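Notes follow the structure.
In my numbering, the protein residues as written are 335 to 951.
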């Protein structure tokens, strides 16, 4: 994508013991569209795609890992309307993530932040916050900003490679990103193919080591690369990226299925070539990892120049000159200006047309002159998008990645929506029930049962579905996985559980091609303190009566009182006792009379133990 930046810059249980918690995937529609659209957001496009990014009161230096706040209360009605009508928000039901195209690696310890340069008065934290307000993940792209073979040589040194991994991970964690996307195109277009055999294992090592580091923090690793062919093919494509070797380490493969024709006139990305590339990718990794690249630009090449152009003609008018580029949202307007009628090329699945420009004027010596510039245009229109989204359905891909977001025509966006609706997964209804915990309250370490029912909206059970039981403990802001269970033929799961403190529970499922992801509502469990007793059944009159009680959870310095029931009232026996470091209370008393007494332990300001009888013999 680097090669595109230059022109883009110039582009204009149910009962007392059971509580039911039910939810479904969030949507009022029976089948919300599949979230298959992702795309890049260059730093120079932020103001176009997100028209209301501005400094917010919350935009102070943020605590590492803590996102800014940008809810509706921080904006006026007109501002919120503008936000909600912007591209990311009107298409958020189609999208799963955004790749901000903001960063470039310059050295093992330095990552250049292009966002700051391009948007000096618009804090990055607020832009990210608005993306998150749309419900989208943020996986920034990092390009290669080093010189020829420089990054490859860095990666050859294990110590330097470790430094690079740390630098990237620090960037992700500091900004609370959801992962990183590597777009290291220098390997392909700068270093030269003679270096690929040497560079490939270095690249593989980086991807594997970075993957381990990111996954330890539950972060994603994406790579964006040009095409790679099956090694059995005579042509190998850009094999330096070694898809087969990194397949298990990456979460996304975004294939740049564009730039097929650059120096010479031709299609941006022929559909047969695109499908060939996709077929190899899905043969070596899960199709859900694979994303087809969709270009939001077209190219306009000069094919020939007849005559001598005047000095007033634009510079560079010659056959083989670098193609002019344009947003595909501008294509029809451009065709009108060019007085041309685009045709759809069935073979390549792209729109094209040719036209001529005549320039009259004077030569440098003042003589009259004229030239005719013949040009050819190629771009992908809404039909092109529809046919490539059909490949997403055919191969069950993760989705499409747009270079760049919002450059496509409105008609193409409509085709994206049609495709997402056509392949929409079935919504899953997740029902969580808690048994053995009246009012969702338990004693410390007491056993209770978590149950789940997973159905489709028509109540039919979903069998064989992997369900994660997740927990968020008191004073924690993130969810962590407790265990994974698989639904039976009746769509149910069940597991025993204990808790040592207050916590919330939920069930989650990962989306599949057939079924949407689901998240149940939270069940908040209150955990009461518990006392475990070690006490005698009988003692002799006048002998020491020793009662021990352990407070769970183990808290030192708590005050408790041994009590005896006298005529229906609890009376203290002796002085209060403090718990030791193990939460243990020890009480010693002497009873002077024979008989049966009823006793308990009362933790002051907390719980009382069960009553117990002691025979004084």
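All C-beta atoms in this analysis are idealised placements derived from N, C-alpha and C, irrespective of residue type, glycine included.
Please read all numbers here as calculations on a predicted model, not as lab measurements.
query: Closest by CA to residue 365, which one among 752, 579 and 887?; result: 752
query: Can you check whether the CB of residue 673 is closer than 8 Å to the CB of residue 660?; result: no
query: Between residue 580 and residue 535, what straight-line distance do the alpha-carbon atoms span, to the nearest angstrom?; result: 10 Å
query: With a threshold of 16 other CB atoms inside 10 Å of the CB of residue 744, please say whether the residue is buried or exposed.; result: exposed
query: Entirely within the segment 796 to 873 and at least 4 residues each: give me those alpha helix (DSSP H) ranges in chain order.; result: none
query: Express the C-alpha separation of residue 792 and residue 662 in angstroms, rounding to a whole number.; result: 42 Å
query: Who are the near neighbours of residue 630 in its chain, counting only those whose CB is closer than 7 Å to its CB and skipping five residues on each side?; result: 661, 662, 736, 737, 738, 741 and 742
query: Kindly list the residues whose CB is nearer than 6 Å to the CB of residue 888, restricted to its own chain and excluding five residues on each side of it in sequence; keep chain order.; result: 916 and 917
query: Cα separation between residue 616 and residue 585?; result: 13 Å
query: I need the DSSP call for residue 418, collapsed to helix, strand or coil.; result: helix
query: Is the segment 756 to 763 touching the segment 844 to 858 in the sense that three or more CB pairs, one from each, lie closer than 8 Å?; result: yes
query: Between the C-alpha atoms of residue 866 and residue 913, what's the straight-line distance to the nearest angstrom?; result: 13 Å
query: Drop a sphere of 10 angstroms on the beta-carbon of residue 453, count the other beta-carbons inside from all chains shown, and report buried for 16 or more, exposed for fewer.; result: buried
query: Let me make sure I understand the geometry here. Which of 610, 885 and 600 has the alpha-carbon closest to that of residue 564?; result: 610
query: With residue 928 as the anchor, note down where its alpha helix (DSSP H) starts and where it stops.; result: Residue 928 -> no alpha helix (DSSP H), and no H or E assigned at all.
query: Would you call the segment 421 to 439 and the segment 472 to 491 touching, i.e. three or more CB-CB distances under 8 Å?; result: yes
query: If you drop the 5 nearest sequence neighbours on each side, which residues of the same chain put their C-beta closer than 6 Å to that of residue 398?; result: Reliability of the predicted coordinates at residue 398 is poor, the pLDDT of 48 falling under 50, and the value obtained from them is presented with this limitation in mind. These residues qualify, in order along the chain: 508.
query: Who are the near neighbours of residue 499 in its chain, counting only those whose CB is closer than 6 Å to its CB and skipping five residues on each side?; result: 543, 544 and 547
query: Where do the ends of the alpha helix (DSSP H) carrying residue 503 lie?; result: 492 to 508
query: Along the chain, where does the alpha helix (DSSP H) that runs through residue 737 open and close?; result: Residue 737 -> not in any alpha helix (DSSP H); beta strand (DSSP E) instead, spanning 733 to 737.
query: To the nearest angstrom, how far is it from the Cα of residue 645 to the Cα of residue 657?; result: 21 Å
query: Quick check: the Cα distance between residue 891 and residue 939, rounded to an integer number of angstroms?; result: 13 Å
query: With three or more beta-carbon pairs closer than 8 Å as the criterion, would you say the segment 766 to 777 touches the segment 812 to 825?; result: no
query: Take the Cβ of residue 427 as the centre, count every other Cβ of all protein chains shown within 10 Å, and call the residue buried at 16 or more, exposed below.; result: buried
query: Hey, how far is the Cα of residue 456 from the Cα of residue 553?; result: 26 Å
query: Distance check for residue 561 and residue 593, CA to CA, integer angstroms please.; result: 10 Å
query: What does the alpha-carbon distance come out to for the pair residue 394 and residue 944?; result: Bear in mind that the predicted position of residue 394 carries a pLDDT of just 44, short of 50, making it unreliable; the figure below should be weighed with that in mind. When rounded, the distance between both Cα atoms is 53 Å.
query: Once you ignore the five residues that flank residue 597 on each side, which residues in its own chain have a CB closer than 6 Å to its CB?; result: none
query: Please report the distance separating the alpha-carbon of residue 531 from that of residue 574.; result: 7 Å
query: If you follow the alpha helix (DSSP H) that residue 697 is in, where does it begin and where does it stop?; result: No alpha helix (DSSP H) contains residue 697, which DSSP labels as neither H nor E.
query: For residue 951, which three-state DSSP category applies?; result: coil
query: Rounded to the nearest angstrom, what separates residue 835 and residue 778 at their Cα positions?; result: 7 Å
query: Looking only at its chain, what residues have a beta carbon closer than 7 Å to the beta carbon of residue 876, apart from the 5 residues adjacent to it on each side?; result: 924 and 926
query: Give the single residue among 537, 601, 817 and 384 whose Cα lies nearest to the Cα of residue 684.; result: 601
query: Does the Cβ of residue 936 have 16 or more other Cβ atoms within 10 Å, making it buried, or fewer, making it exposed?; result: buried
query: From this set, 464, 942, 450 and 902, which residue's C-alpha is nearest residue 423's C-alpha?; result: 464
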